[in-house]
Amino acid sequence: MNSAVFEIGKFARLTLLWLCIIFGAVWGVSWSIGVLLPAVILSQSGESGRFWAQLLQALVPVVAVALFVPLNTCYMVLAERRLLALFTVRKGPNRVGPDGAFQTVADALKLLLKEEITPRGADLLMYTLAPVIFFAPSIIGVMPLLAAVSGNHPLFTPVNLPTGVFYILAVSSIPVVGVVMGGWASNNKYSLVGALRSAAQAISYEIPLLLSIITVCLLAGTLDFVQIADNQRGSLLNWNILGGGALTHLGIGSPWWSIAAALLLAACCILLFALYVICACAEVNRTPFDLPEAESELVSGFNTEYSGIKFAIFFLAEYTNLFIVSTFAAVMFLGGGHAPFPGLEDACISGLRGLLAAWFGACTPFQLGWLVNSLVNPATVSQVFWIIVKSYALVWFASLIRATLPRLRIDQLMDYSWKRLVPLALILLIAVTFLKELV
Amino acid sequence: MTESDQAEKSSAGTAAPGQFGQLLSDNGIESNRLPDSCGVETIEVDRQQLENAVQRLRKSPEAVLDLLLAVSGVDSPESYDSVYHLWSTSKSGELVIKVRVAKSEVAPGELPEVPSLARIWSAANWHERESYDLVGIRYSGHPYLRRILNPWNWVGHPLRRDYKQPVDALNDKNPVSFR
Amino acid sequence: MVPEMTEELRANKLKTDEMLINMGPQHPATHGVLRLILKLDGELVKHCEPVVGHLHRAQEWQGQNRTWFQYQALIDRVDYLSGMFTSWALARAAEKIDDVKVPLRAEYMRVIVAEMNRLTSHLLWLGTFGIDLGAMMGLPFYPFREREELLDLLEAIAGQRMMFNYIRIGGVQNEAPPGWFARLFKFTGSFPDRIDEYEAILSNNPIFLKRTKAVGILPRKLAIDYGVTGPTLRASGVALDLRKVKPYSVYDRLDFAVPVCNRDGDTYDRYMCRIIEMHESNKIIRQCIEQIPGGTADVLREKRKACSACGKANCPHCGGDLAIMVKKQNAGLRVKAGEGFAAVESPRGVLGCYIISTGSDTAYRIKWRNPSFSNLAVLPELLLDHQIADIMAIFGSIDVILPDVDR
Chain A
1 MNSAVFEIGK FARLTLLWLC IIFGAVWGVS WSIGVLLPAV ILSQSGESGR
51 FWAQLLQALV PVVAVALFVP LNTCYMVLAE RRLLALFTVR KGPNRVGPDG
101 AFQTVADALK LLLKEEITPR GADLLMYTLA PVIFFAPSII GVMPLLAAVS
151 GNHPLFTPVN LPTGVFYILA VSSIPVVGVV MGGWASNNKY SLVGALRSAA
201 QAISYEIPLL LSIITVCLLA GTLDFVQIAD NQRGSLLNWN ILGGGALTHL
251 GIGSPWWSIA AALLLAACCI LLFALYVICA CAEVNRTPFD LPEAESELVS
301 GFNTEYSGIK FAIFFLAEYT NLFIVSTFAA VMFLGGGHAP FPGLEDACIS
351 GLRGLLAAWF GACTPFQLGW LVNSLVNPAT VSQVFWIIVK SYALVWFASL
401 IRATLPRLRI DQLMDYSWKR LVPLALILLI AVTFLKELV
Chain B
440 MTESDQAEKS SAGTAAPGQF GQLLSDNGIE SNRLPDSCGV ETIEVDRQQL
490 ENAVQRLRKS PEAVLDLLLA VSGVDSPESY DSVYHLWSTS KSGELVIKVR
540 VAKSEVAPGE LPEVPSLARI WSAANWHERE SYDLVGIRYS GHPYLRRILN
590 PWNWVGHPLR RDYKQPVDAL NDKNPVSFR
Chain C
619 MVPEMTEELR ANKLKTDEML INMGPQHPAT HGVLRLILKL DGELVKHCEP
669 VVGHLHRAQE WQGQNRTWFQ YQALIDRVDY LSGMFTSWAL ARAAEKIDDV
719 KVPLRAEYMR VIVAEMNRLT SHLLWLGTFG IDLGAMMGLP FYPFREREEL
769 LDLLEAIAGQ RMMFNYIRIG GVQNEAPPGW FARLFKFTGS FPDRIDEYEA
819 ILSNNPIFLK RTKAVGILPR KLAIDYGVTG PTLRASGVAL DLRKVKPYSV
869 YDRLDFAVPV CNRDGDTYDR YMCRIIEMHE SNKIIRQCIE QIPGGTADVL
919 REKRKACSAC GKANCPHCGG DLAIMVKKQN AGLRVKAGEG FAAVESPRGV
969 LGCYIISTGS DTAYRIKWRN PSFSNLAVLP ELLLDHQIAD IMAIFGSIDV
1019 ILPDVDR
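Chains as they are written, first to last, in our numbering: chain A, 1 to 439; chain B, 440 to 618; chain C, 619 to 1025.
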């Protein structure tokens, strides 16, 4: 028991270290490109530098994502391995760096240096394109989430699409093309079987996934991430998982049917969340639904023949997808960047403000106050903090599932989707439509 | 050591037939009793009679020897033996059947032939393949008589007394070398 | 005019090619190096041919070219997960031929270590079965935690973790080290709870049930026809456990049950059979510790220290049934001329050893009757018309150890 507590402590330290690395780096780079450099350019060359300053600011989301994705994957893989070790009475990687903090960095370097093998008879063009096609959507998919994650920070507002949900759903159906291409081009029967399984699985699970997301959009009345997140401001009861505020409207004098409808709506939304988690697991090929890879059956499924950097890209994309799916869930269901209890968020912000005033008060004489303030904006920090906690909690939950469940068989998988999940999703869609009006 | 308790030591092959030998002779199948192997009745059956005898022993309600434990090929000094260990799953009966092919009957370069049980008894399939592979007994009528433990292109039968090892299976130039 | 789409025409139009696929020899789930040549129709297995022999180490050949003493050390490798049983089968066959009466204490020691070995074997099976079903990460490590404790104990008594060479012709190799029995007894006290832990993860897990129930049904007749033995046979409803049916050693003095399923067993029944067997083995070990003549090693050591007549043949504490070895273990070890077959109930089934001895220092012929060999032969029948994923579930559930097949 004690050793478990000890290991959890170690894990918390690792997490803290890595979060500082990831978000410190992204934050710092975004700030220096988007605020510091333009300020310098403008002060040096005046109006003629405006174009360059704007260009730099437009580049911020791209740079941020390019930096965030690999760093985040490094952490997620490490966290998953440590967590699995924790769940399965082992130690996990603990040699490279303090407590094994840099194990995944070393692994990534190893993968980059490894020989890249192309099997005989492979279709070289398709074989090379497959990881790219698999990876590209996950980079594109992170973009609209940035605005929601950063609380609509001015630097990221341009990438906030009014139809962000729709956009992500569209993009998320591309990777399966990469999987099928990779599986087919490898000239390996295991890969082919894995790829075909993946195609079947992705198509069948996309439908309930879409339906559950549509239902939430219906509840929120918008497809804009930032608005969906903002609608859930306030407290736990306003989150979409509990009916998106249906419960808060209730008072002593509410008619009974309104109370009943609100409670039913909350129940439906919890079901919706469960539905979403199940389908998301299937979409990103996580255990119970990791059939496209199915290590004990198909060796490694569609990526059996891949090695070196191509394999690394597949790996990167998989974990990024998992993160996207978790953040998506955090925004759609779990209140985005808002704290679960009313006072907590304000306390966070005012506390941070106080800290900043104490630390950076000395800077004001040098007219740098606004620069610092745009670097550490208390409202943004609080937003990012809460959404990170929620996303990573879901990621860790996925690890827990991976440490527990066996794998379904392909026919059972299809049955489960078409006979259980799709009808359930349709019923929920209709139920939520009506209940929403009754509340 | 409960098996050895009911062991009646028989001195020569001419001893009175045991339980199963009696059963066989009642059904008109000749068998020859051999010295018991550690208290278990051992009989020799002519190879033409083997299939008949085994069917009888398996089906007849007194014996029900329905579990074929093993088929072992033995390169005895005088003969090639195919030894069948039969058990019963419902009774406690045990029987060892030997089919002998005298070495004098086997032409040089030929393999001794014993009828296969694989068609009537699935358990015999792999065991006979193994016996063919290691001892070199050809089971006539076997559906798929192919080497099972050694590589398919192996030369010779390793458990024969006159078997010569390849010089060095790992390092030399012989065709079945693993390098 | 468009021809009418008859059933036949449709079948012809939809006709797909069968895919020939090699599963193994290098494959993560074939428990060693089994090669399955599969003919697949989509995901369905239409034909399967196991190709074995990749791990053939000529154990039988070595049996007739190594002295008895040398060969004893080799045979743990026949089935490396239950080395005690291979040693025991050889020892029993040789003792039968040699007319050796093994002292009672040695018999008890044999039962204890063998049942421990059965536990380690079943625990490893449970872990790998989880992997076969796709629980890649969680389940496998819990059984391994207990297996580690048992292996430590076996190492303490035999000097090795897997290749024990502990059970010898004429007894067992040595007495347990101080504190060994106490450790083992403590382990057996907590072990049933641990089994319940595994069951909590698997036995009622809906995915697990879906993957195992009504998958790979092995009819009773087919099982007997193929000579399948062990838990795989008992799960199909045949109560053939040598420990009960032909009790050897001291099993007739022990109180334990043998789980037998009352229908044609599927993958789940085979799983359940092994789980219950672990409980029973645990019971056997506890009884043996309580019943062992002379008491535990520590008690006996104290008694012997106090005993002044030590070394004499008639000493109540030193000779007779309290000895653990009655044959000199050296290169001159010989077995009388004769032939005999002895079998023990290994974790995988009836493990038999057929010896023909001419009285020299080597055997004339040693034939192993390996349970895995016969159990594997039934695999093609079980796999027919099952999916790729079921290959692993079924193959895992019949618990085949490839070195045991290939010798």
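Built from N, CA and C at the ideal position, the CB exists for glycine as well. Please read these numbers as outputs of a predicted model, since none were measured by experiment.
Own chain partners of residue i with C-beta closer than 6 Å, once the 5 adjacent residues on each side are dropped
i, result
"A:Glu80", "Ser399"
"A:Cys279", "Tyr205, Pro208 and Leu209"
"A:Gly100", "Pro93 and Asn94"
"C:Arg829", "Leu751 and Ala1011"
CB contact below 8 Å: residue i versus chain A
i, result
"C:Ala647", "yes"
"C:Asp1008", "yes"
"C:Met754", "yes"
"C:Arg829", "yes"
"C:Glu764", "no"
"C:Met781", "no"
Per-residue contacts from residue i into chain C (C-beta, under 8 Å)
i, result
"B:Ala541", "Ordered by position in chain C, no residue passes the 8 Å Cβ test against B:Ala541, which lies about 18 Å from the chain."
"B:Ala562", "Asp843, Tyr844, Gly845, Ser992 and Ala995"
Spatially closest choice to residue i from the options, by CA coordinates
i, options, result
"C:Asn880", "C:Ala853, C:Ser867 and C:Ile903", "C:Ala853"
"C:Gln947", "C:Gly788, C:Glu733 and C:Leu744", "C:Gly788"
"A:Ala185", "A:Gly354, A:Thr118 and A:Ala39", "A:Thr118"
"C:Ile902", "C:Ser975, C:Trp986, C:Phe809 and C:Pro989", "C:Phe809"
"C:Val674", "B:Val594, B:Gly595, B:Ile587 and B:Trp526", "Here residue 674 of chain C is His; the residue named in the question, Val, does not match the sequence. If we check each option's Cα against that of C:His674, B:Ile587 comes out closest."
Close-in-space but distant-in-sequence residues of the same chain around residue i (CB under 7 Å, 5 per side omitted)
i, result
"C:Ser739", "Leu699, Ser700 and Pro965"
"A:Phe366", "Note that A:Phe366 has pLDDT 49, beneath the 50 cutoff, so the model's placement of it is unreliable and the number below is only indicative. Correct list: empty, nothing qualifies."
"A:Pro162", "Leu223 and Asp224"
Residue i: contacting residues in chain B (beta-carbon distance under 7 Å)
i, result
"C:Phe991", "Trp565"
Interface flag, residue i vs chain C, CB-CB below 8 Å
i, result
"A:Thr404", "yes"
"B:Pro597", "yes"
"A:Thr287", "yes"
"B:Asn589", "yes"
"A:Lys189", "yes"
"A:Thr88", "yes"
"A:Val299", "yes"
"A:Glu295", "yes"
"A:Val35", "no"
"A:Leu19", "no"
"A:Ile8", "no"
Sequence-distant residues of its chain with Cβ nearer than 8 Å to residue i (five each side left out)
i, result
"A:Gly234", "Gly245, Thr248, His338 and Pro342"
"A:Val63", "Val29, Ser30 and Ile33"
"C:Phe759", "Gly745"
"A:Ile401", "Cys281, Arg286, Thr287 and Pro288"
"C:Leu741", "Pro761, Phe762, Glu764, Arg765, Leu768 and Met896"
Amino acids of chain A, ordered along the chain, whose beta-carbon sits closer than 7 Å to that of residue i
i, result
"C:Leu825", "One detail in the question is off: residue 825 of chain C reads as Ile in this sequence, not Leu. Within 7 Å Cβ-Cβ: Pro288, Leu405, Pro406 and Leu408."
"C:Asp750", "Ser296"
Contacts that residue i makes with chain C (C-beta to C-beta distance below 9 Å)
i, result
"B:Asp601", "By Cβ distance, chain C contributes nothing, its closest Cβ being about 13 Å from B:Asp601, past 9 Å."
Listed by chain order, chain C residues near residue i by CB distance under 7 Å
i, result
"B:Leu506", "Ile842 and Gly845"
Cutoff 8 Å: residue i Cβ touching any chain B Cβ
i, result
"C:Glu957", "yes"
"C:Glu678", "yes"
"C:Val651", "no"
Amino acids of chain A, ordered along the chain, whose beta-carbon sits closer than 8 Å to that of residue i
i, result
"C:Phe759", "Thr88, Val89 and Arg90"
> With a cut-off of 8 Å, do at least 3 Cβ pairs link the region 1012-1020 of chain C to the region 753-763 of chain C?
Replying inline: no
>> Against chain E, which members of the region 410-431 of chain A pass a CB distance test of less than 8 Å?
In response: Considering every chain present, this structure includes no chain E. Its protein chains are A, B and C.
>> Whether or not the region 493-510 of chain B and the region 530-537 of chain B are in contact is what I'm after, with contact meaning three or more pairs of Cβ atoms, one per stretch, closer than 8 Å; do they touch?
In response: yes
> Does the region 953-961 of chain C come within contact of the region 832-846 of chain C, defined as at least 3 CB pairs closer than 8 Å?
Replying inline: no
>> Taking 8 Å as the cut-off, does the region 661-669 of chain C touch the region 1003-1014 of chain C (at least 3 CB pairs, one atom from each stretch)?
In response: yes
> Should the region 383-400 of chain A be called in touch with the region 162-172 of chain A, which here means at least 3 C-beta pairs below 8 Å?
Replying inline: no
> Does the region 533-548 of chain B come close enough to the region 469-488 of chain B to have 3 or more Cβ pairs within less than 8 Å?
Replying inline: yes
> Counting Cβ pairs closer than 8 Å, one from the region 100-112 of chain A and one from the region 66-79 of chain A, do we hit at least three?
Replying inline: yes
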